[in-house]
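*Asks:* Residue numbers (my numbering): -5 to 286. Pasting in a structure now, in structure tokens, and then I'll have a few things to ask.
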């Protein structure tokens, strides 16, 4: 009887393990199917951008004093873009650096149609550019809210790295509010979803298929992906794009003051009790601060 009980116990454990394994496999299949459905949903809203342009050659002096001019260079480039809608009109959003030296810009969609694109506006500070093509039947992406992103959240990157059309990679939001590229660039979404050259201007979406960022840059010593990519938050992109569409430029406020850190030694020398706030070091004439 004791042997029978032991056999039944072992059998029940085996059945339990088998059931758990089956449930785990079902969960993995559902997750995989979800990723595939998400990619199919988002891909039509991403485009391939090819550019051609001339980069002006530089001029420098030779040792004997005569200037030498390097011939102009013909440049070709590739990048990605996303289709978005503003006030009932469809536009292509991409990075400014994708089209920086472009004289001719071509856009290709998932249906293999090609369009010539015109620049509506570009902003080097945010690295955002808006293009317009002669089409109004394109599938647009739904805008998300990048302020609601959380570290650890799943995201998908779609673009054209190294000319490989519509490549899809998965990853997580590694960090928020990253700023590594100097004061001219704002806060970035950091992700470990694989991003490489050619992904610039492409889509970063959440699991609902909402556009939460525009893929922009990677941190790498050799130009290859090491799992540290950056995307511009879509809330910032929307703000910039709306101004580019309306004004052709981004209109920024200018207070007209120079500021510096209020460090402990300086605060002590000035007789201040703490280092809260900033130190105003200069005021520009006839600017807002001067007139206040």
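Glycine included, each C-beta is placed from N, C-alpha and C at the ideal position.
In chain order, what residues of the same chain have a beta carbon less than 8 Å from the beta carbon of residue 177, not counting five sequence neighbours either side?
*Replies:* If you number the chain shown from 1, residue 177 lands on position 183. With a pLDDT of only 49 at residue 177, under 50, the local geometry of the prediction cannot be trusted, and the value read off the model is given with reservation. Nothing listed; no residue qualifies.
*Asks:* With distance defined between alpha-carbon atoms, name the residue in 19, 272 and 212 nearest to residue 151.
*Replies:* Sequence index remark: in the chain shown, residue 151 carries index 157 (1-based). Among 19, 272 and 212, the Cα nearest to that of residue 151 belongs to 212.
*Asks:* How many angstroms separate the CA atom of residue 233 from the CA atom of residue 18?
*Replies:* Position 239 of the chain shown holds residue 233. Position 24 of the chain shown holds residue 18. In a straight line, the C-alpha of residue 233 is about 43 Å away from that of residue 18.
*Asks:* Is the beta carbon of residue 40 closer than 8 Å to that of residue 197?
*Replies:* For the purposes of this step, residue 197 is taken as residue 203 along the chain shown, with counting starting at 1. For the purposes of this step, residue 40 is taken as residue 46 along the chain shown, with counting starting at 1. Yes. Within cutoff.
*Asks:* Return the first residue and the last residue of the beta strand (DSSP E) that residue 291 is part of.
*Replies:* No information on residue 291 is available, as it lies outside the stretch -5 to 286 that the chain covers here.
*Asks:* Return yes when the Cβ of residue 47 is within less than 8 Å of the Cβ of residue 195, no when it is not.
*Replies:* The residue given as residue 195 occupies position 201 in the chain shown. The residue given as residue 47 occupies position 53 in the chain shown. No, the Cβ-Cβ distance between residue 195 and residue 47 is not below 8 Å.
*Asks:* Does the structure place the segment 114 to 124 close enough to the segment 90 to 103 that three or more beta carbon pairs sit under 8 Å?
*Replies:* Yes, they touch.
*Asks:* Keeping to the same chain, check which residues put their C-beta closer than 6 Å to that of residue 123; ignore five residues upstream and five downstream.
*Replies:* Residue 123 sits at position 129 when you count from the first residue of the chain shown. The residues are 88, 90, 93 and 116.
*Asks:* Below 8 Å on the Cβ atoms is my contact criterion, and I expect residue 223 with residue 185 to pass it. Report the Cβ-Cβ distance as a whole number of Å.
*Replies:* In the chain shown, residue 223 corresponds to position 229, counting from 1. In the chain shown, residue 185 corresponds to position 191, counting from 1. At roughly 5 Å, the Cβ-Cβ gap stays under 8 Å, so residue 223 and residue 185 are in contact.
*Asks:* Figure out for me which residue from 50, 171, 44 and 238 has the closest Cα to the Cα of residue 66.
*Replies:* Counted from its first residue, the chain shown places residue 66 at position 72. The shortest C-alpha separation from residue 66 is found at 50.
*Asks:* If I measure Cβ to Cβ from residue 2 and keep anything under 7 Å in the same chain, skipping five residues before and after, which residues do I get?
*Replies:* Against the chain shown, residue 2 aligns to sequence position 8. The predicted model places residue 2 with a pLDDT of 47, which falls under 50 and marks its position as unreliable; any figure quoted below should be read in that light. So the list is empty, once near-sequence residues are dropped.
*Asks:* Is residue 207 closer than 8 Å to residue 228 when the C-beta atoms are compared?
*Replies:* Here residue 228 refers to the residue found at position 234 when the chain shown is read from its first residue. Here residue 207 refers to the residue found at position 213 when the chain shown is read from its first residue. Yes, Cβ-Cβ distance for residue 228 and residue 207 is below 8 Å.
*Asks:* Just tell me which of 79, 22 and 71 has its CA closest to the CA of residue 101.
*Replies:* Translated into positions along the chain shown, residue 101 becomes position 107. The candidate whose alpha carbon is nearest that of residue 101 is 71.
*Asks:* Mark residue 140 as exposed unless 16 or more other C-beta atoms lie within 10 angstroms of its C-beta, in which case mark it buried.
*Replies:* Counting from one through the chain shown, the residue named residue 140 turns up at place 146. That one is buried.
*Asks:* From this set, 135, 78, 170 and 98, which residue's C-alpha is nearest residue 182's C-alpha?
*Replies:* To locate residue 182, count along the chain shown from 1; it is residue 188. Closest by alpha carbon: 170.
*Asks:* Would residue 204 and residue 136 be called neighbours here (beta carbons separated by less than 8 Å)?
*Replies:* Along the chain shown, one-based indexing puts residue 204 at 210. Along the chain shown, one-based indexing puts residue 136 at 142. Going by C-beta atoms, residue 204 is nearer than 8 Å to residue 136.
*Asks:* If you count every other CB in all the chains shown that lies within 10 Å of the CB of residue 42, and 16 or more means buried, which is it?
*Replies:* Here residue 42 refers to the residue found at position 48 of the chain shown. So residue 42 ends up on the buried side.
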